[in-house]
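Just so we're aligned: the sequence shown equals residues 463 to 526 in our numbering.
Scroll down for the structure; my scribbles are underneath it.
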Amino acid sequence: MTNSSWIQRNQSNEMSLNFGACRKAAIRHVTALRRMFWLHRLLLYLLRGHSLVVVDTSQSFITA
């Protein structure tokens, strides 16, 4: 095996390692974004539910 082919193989190994690390980071990033998105949706849902309860109680109070 010549020196240049060994260097080439070494470079391709490094690139695949970098790609794997990059892919892991991207997956972690997407997972974090998805988690934040769902937490945000849940928070909005809870807030909306809370405001509906407040509106309902105030309306029943007015009619009473």
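Glycine included, C-beta positions come from ideal geometry on N, C-alpha and C.
Computed from a predicted model, the values in this text were never measured in an experiment.
Distance, residue j Cα to residue i Cα
{"i": "lysine 486", "j": "serine 466", "result": "30 angstroms"}
{"i": "leucine 476", "j": "phenylalanine 499", "result": "The amino acid at residue 476 is misidentified as leucine; the sequence shows glutamate. Looking at the two C-alpha atoms, the distance is approximately 34 angstroms."}
{"i": "glycine 482", "j": "arginine 490", "result": "12 angstroms"}
{"i": "tyrosine 507", "j": "leucine 501", "result": "10 angstroms"}
{"i": "arginine 503", "j": "valine 492", "result": "16 angstroms"}
{"i": "arginine 497", "j": "leucine 505", "result": "12 angstroms"}
{"i": "alanine 494", "j": "asparagine 480", "result": "21 angstroms"}
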